[in-house]
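This report concerns only the one structure given below.
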Amino acid sequence: MTWCNFLLIYANLLIAVFVGFHIFSISEAYKSSNIYNISQLVGSTNRDIVFFYATQNGDGLMLSIASLRQTGCRCRIILFVSKMFEITDSLVHFLTVNDVEIITHCDEKKGREYAPHMLRYEYELVWLENHINEVDRILHSDAFDVFFQGDPFTSSIDNSSLTFVVEPHCIRSCGWNIAWINQCYGAGGVDRLRHHFIICSGSISGPAIQYLNLLKLMTSQPAWKSCWGTSLDQPILNYLVWTGEVEKSQIQYKLTGCDGGFFTMQWCVVDKTVLMNEHNQIVSSFNTVPSYVHQYNRFPEIIKWLKELYHL
């Protein structure tokens, strides 16, 4: 055996030991519920996509993007913006540094009122139809009231089914959702859905092909035309899920609440007391660290903390 061959074998052994130890450490962190370590893992690739839609720039949008990138997430970020969206030199620099793909003039109303909550689905549909072979998983997300504490593609986003985020209270207990469902489906629709939990339309994730099928289903509904308006995507989504139309369309899905990586602060924070761990992360009442935190803007102290943390 030559000296070079010996060095090559020795180097390969060192690499094998290092990789084995790394895998063992991850496994042990998971088994010992070392939640902080789990939240620091990166499981995304450039075949994963996060969709944002924005009508204007602001601290909320910048926080969404900056916090996602600071987790180490390797996904592509697709930002759809309206014609009203002001693109400044400093914003171009920010988007470039954070590797954001911006698509402008995404506000074609087609004779309808301007409803960004619903328009975003139509632009996502067109984009996915043109790029489906480039994508494995997606996260459809609100843009102005979310931040990330970990890469959502590590454990929160499934490879086999869509994930819908359930708010832990029934439709009957929320006047807004009752009104939206009544506007789209009448009193009969309200009676049919009132005892089901609210599914939040602000965050949907999972396999790209399943999400593409969901987009086709949603945008082909009669209610998509007759019930077009601000926030009216949510009653349509809830109706399709709870009446079984999503399942009939062979779209696989699962539901998650406050302990599945997605954390809606308005409903998941108990007694308005935000829990933090020793690493200065927001945690659930089950002491898990959510990768995705939504509706933090309902808590002024959290807004202040985040602005200081991200220098906004």
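Going by my numbering, the sequence shown opens with residue -18, and the numbers climb by one from there. Backbone N, C-alpha and C fix where the C-beta goes; we use that ideal spot for every residue, glycine too.
Could you work out which residue in the options is closest to residue i when comparing CA atoms only?
i: glutamate 103; options: Gly53, Phe32, Asn38; result: Phe32
i: threonine 26; options: Pro133, Val73, Pro149; result: Pro133
i: glycine 238; options: Ile185, Ile58, Glu289; result: Ile185
i: valine 78; options: Leu256, Ile58, Gly41; result: Ile58
i: glycine 183; options: Asn163, Gln215, Ile162, Tyr192; result: Gln215
i: threonine 69; options: Lys253, Gln37, Ser154, Gln202; result: Gln37
i: arginine 50; options: Phe75, Asn268, Val264; result: Phe75
i: phenylalanine 181; options: Met246, Ser71, Lys206, Ser201; result: Rather than phenylalanine, the amino acid found at residue 181 in this sequence is cysteine. Nearest of Met246, Ser71, Lys206, Ser201 to cysteine 181, Cα basis: Met246.
i: phenylalanine 145; options: Leu236, Val264, Ile159, Asn258; result: Leu236
i: arginine 228; options: Leu198, Met257, Thr254; result: The sequence given here places glutamate at residue 228; arginine does not occur at that position. For the residues Leu198, Met257, Thr254, the minimum Cα distance to glutamate 228 belongs to Leu198.
i: tryptophan 108; options: Val127, Tyr95, Ile84; result: Ile84
i: leucine 293; options: Ile46, Gly53, Gly24; result: Ile46
i: histidine 86; options: Leu44, Ala189, Ser63, Trp205; result: Ser63
i: valine 147; options: Phe243, Ser272, Glu259; result: Phe243
i: glutamine 202; options: Ser71, Leu218, Gly92, Gln21; result: Leu218
i: valine 127; options: Arg279, Pro281, Phe280, His275; result: His275
i: arginine 279; options: Ile263, Gln262, Asn268, Lys253; result: Lys253
i: cysteine 54; options: Met65, Gln21, Phe66, Ser71; result: Gln21
i: asparagine 114; options: Gly24, Val264, Met257, Arg28; result: Arg28
i: lysine 206; options: Met65, Lys91, Asn258, Ala160; result: Lys91
i: alanine 204; options: Asp240, Ala168, Ile162, Asp172; result: Ile162
i: asparagine 140; options: Gly24, Asn258, Lys285; result: Gly24
i: serine 48; options: Ser272, Asp172, Lys285; result: Ser272
i: threonine 135; options: Gly241, His260, Pro281; result: Gly241
i: glutamate 110; options: Met65, Trp248, Gln191, Arg93; result: Gln191
i: glutamate 67; options: Gly39, Cys56, Thr52; result: Gly39
i: cysteine 352; options: Ser71, Glu259, Val264; result: The requested residue 352 does not occur in the structure, where the chain is confined to residues -18 to 293.
i: glutamate 89; options: Met65, Ser71, Gly167; result: Met65
Would you mind stating whether residue i and residue j have Cβ atoms separated by less than 8 Å?
i: valine 251; j: serine 230; result: no
i: leucine 213; j: cysteine 165; result: yes
i: threonine 211; j: histidine 121; result: no
i: glycine 41; j: phenylalanine 129; result: no
i: valine 81; j: leucine 60; result: yes
i: tyrosine 277; j: isoleucine 283; result: yes
i: cysteine 208; j: isoleucine 179; result: no
i: histidine 177; j: tryptophan 223; result: yes
i: glycine 187; j: serine 142; result: yes
i: alanine 35; j: isoleucine 119; result: no
i: leucine 174; j: tyrosine 234; result: no
i: threonine 200; j: leucine 100; result: no
My assumption, with CB atoms under 8 Å, is that residue i sits in contact with residue j. Please give the rounded CB distance.
i: isoleucine 30; j: valine 116; result: 5 Å
i: valine 270; j: glycine 131; result: 7 Å
i: leucine 287; j: leucine 44; result: 6 Å
Can you tell me which of the three DSSP states residue i falls into?
i: leucine 193; result: helix
i: histidine 292; result: coil
i: glutamate 94; result: coil
i: histidine 298; result: Lying outside -18 to 293, the shown extent of the chain, residue 298 is not represented and no answer is given.
i: glutamate 259; result: coil
i: proline 271; result: coil
i: cysteine 151; result: strand
i: valine 251; result: helix
i: isoleucine 4; result: Residue placement at isoleucine 4 cannot be trusted, given a pLDDT of 31 that sits under 50; what the coordinates show is reported in the next sentence. In this structure, isoleucine 4 counts as helix in the three-state DSSP scheme.
i: isoleucine 113; result: helix
Start-end ranges of the beta strand (DSSP E) lying completely within the stretch 115 to 142, minimum 3 residues:
Entirely contained in the stretch 115 to 142, the beta strand (DSSP E) runs reaching 3 residues are, in chain order, 118 to 122, 127 to 129.
Extract the residue ranges of the beta strand (DSSP E) inside the stretch 20 to 78, only unbroken runs of 3 or more that lie entirely within it.
Within the stretch 20 to 78, the complete beta strand (DSSP E) runs of at least 3 residues are 29 to 35, 57 to 62.
Scan the stretch 166 to 214 and note each continuous beta strand (DSSP E) run of 3 residues or more that stays entirely inside, going in chain order.
The qualifying runs are 178 to 188.
Could you tell me which uninterrupted alpha helix (DSSP H) segments, each at least 4 residues in length, are contained entirely in the stretch 225 to 249, listed from first to last along the chain?
Entirely contained in the stretch 225 to 249, the alpha helix (DSSP H) runs reaching 4 residues are, in chain order, 226 to 229, 246 to 249.
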